[in-house]
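Quick note: the sequence shown uses the working numbering, first residue 139, plus one each step.
Note that beta-carbon positions come from the ideal geometry of N, C-alpha and C, so glycine has one too.
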Amino acid sequence: MSKKKIAVLAGDGIGKEVIAHAIDVLRASGAEVEFTEFDWGADRYLRDSVTVPADGFSLLANGFDAVLAGAFGDPRVQFNIHAREILLGMRSHLDLYANVRPVKLLDSLLCPLKDCSPEDVNFTIIRENTEGMYGDLGGVFKRGTADEIAVQEDVNTWKGVERVIRYAFEHARQHGRRRVLMSDKSNALTHAGSLWQRVWQEVGGEYPDIEKQHMYVDALALAMVRAPRQFEVIVTNNLFGDILTDLGAALQGGLGMAASGNIHPGRTSMFEPVHGSAPDIAGRDLANPMGAIASAAMMLAHLGLTQEAARIDAAILSAVRQRKLTPDVGGTLGTRACGEWIASHI
Ligand SMILES: NC(=O)c1ccc[n+]([C@@H]2O[C@H](COP(=O)([O-])OP(=O)(O)OC[C@H]3O[C@@H](n4cnc5c(N)ncnc54)[C@H](O)[C@@H]3O)[C@@H](O)[C@H]2O)c1
């Protein structure tokens, strides 16, 4: 088998720190992969005003099997314009419509809920990743006056909703899950909600083997805290998914633990930790590398390298059980020591 080509975009802040360890762990896993590093990020933008070089996205789409990204965001860059162009640009140019975020508690110690075991928190949130409120449609009128009006449009297409709901059902089947829950706010956001409801009914009819549930997003937020065990696969829109997955990250120990994949089946997909560039701790050897390392394992599984992925997941689990943890999850190790421990226990 030829080596899988991985484009690495470590990005800014702690992105660079955690991705270095994700690469070490990938190498230790024995996976047949080769890396090409890209310097897209704040430093480059501040140096030569380039966010994404010409043909950058088509290079990723055509020259690589997958992208491994760190995080983008830097207080030196006004409005983080580079982060928006790189990150949202990748999601939109590569059409990465399914943002897959596992919410998996590895050890009770990490959960802020009392009496919560790993069996209680083990589900996946699938967030629509290309439309909704994040399309930058809208406008501001009478800016700077007492009559200022800001309009932000929520775009929902049949095609966009249909493919992400279908992805959720397919994901459930492939991972031995029996239930899919769709969450919206169709009682208040009636136009978009009606479209989601109709697509949900139509596509759901094609999956008689999967149990279908529905919750309004506010009720779901409450239920994720009070009774998370009932969930297996949750599918929702871009904005609700963004918020719910931070809550999900908290259930599994915090942002440092959470992994994600930005996926378009059959095309170059992108994997990244859920957290941002964390300028408050960047360069201080404090960042938890587990979310980035777990994202690298998700990438391998997506590429069909399931044994190597399982080795990495097992090493992360051992690190948690043996308390080889960074301070954000109650440990005393630095980023480097935690990352090296995992790499050496594959
Ligand atoms: N996908 C991305 O690239 C992404 C995601 C979110 C935020 N951002 C950007 O990152 C910058 C900082 O944003 P923010 O502070 O809102 O979110 P953040 O995720 O960077 O940090 C939030 C808090 O969590 C902590 N934290 C995050 N990851 C951690 C880790 N791995 N280990 C230990 N602690 C960790 C941080 O120290 C901070 O206190 C902003 O520019 C933002 O736009 C980027």
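Proximity of residue i and residue j at Cβ, strictly below 8 Å
i	j	result
Val-363	Leu-251	yes
Leu-198	His-402	no
Ile-484	Ile-450	yes
His-159	Gly-477	yes
Gly-468	Leu-247	yes
Ala-209	Gly-151	yes
Ile-372	Ser-324	no
Glu-410	Ala-207	yes
Glu-370	Arg-459	no
His-352	Leu-382	no
Lys-91	Glu-175	The structure shown does not extend to residue 91, since the chain is modelled only from 139 through 484, so no value can be given for it.
For residue i: DSSP bridge partner residues
i	result
His-352	Met-320
Arg-490	This structure leaves residue 490 out entirely; the chain is present only between 139 and 484.
Gln-290	Gly-276
Gly-399	Val-238, Phe-409
Thr-174	Ala-145
Gly-270	Val-293
Ile-152	Ile-152 pairs with nothing; no bridge assigned.
Val-467	Partner(s): none; Val-467 has no beta bridge.
Thr-374	Arg-265
Which listed residue (the options) has its alpha carbon closest to that of residue i
i	options	result
Lys-154	Val-171, Ala-169, Asp-177	Asp-177
Ala-204	Ala-288, Ala-439, Gln-335	Ala-439
Tyr-345	Leu-333, Leu-358, Glu-308	Glu-308
Ile-263	Trp-338, Cys-249, Val-302	Val-302
Thr-444	Leu-385, Ala-169, Gln-351, Gln-460	Ala-169
Val-289	Thr-295, Ser-398, Ala-166, Gly-277	Gly-277
Phe-202	Ser-482, Met-437, Thr-470, Arg-214	Met-437
Ala-420	Lys-142, Leu-389, Arg-474	Arg-474
Ala-387	Val-293, Val-259, Thr-174	Val-259
Arg-422	Asn-400, Pro-465, Gly-391	Pro-465
Leu-275	Gln-335, Asn-294, Asp-186, Trp-334	Asn-294
Asn-218	Ala-435, Gln-368, Ser-415	Ser-415
Ala-359	Ala-425, Gln-335, Glu-349, Leu-385	Leu-385
Below 8 Å, can you find three or more Cβ-Cβ pairs linking the stretch 239-250 to the stretch 223-230?
-> no
Using 8 Å as the Cβ pair cut-off and three pairs as the minimum, do the stretch 421-433 and the stretch 262-278 touch?
-> no
Would you check if the stretch 267-276 and the stretch 375-386 touch, i.e. whether three or more CB-CB distances between them fall below 8 Å?
-> yes
Would you check if there are 3 or more beta carbon pairs closer than 8 Å linking the stretch 340-356 to the stretch 393-401?
-> no
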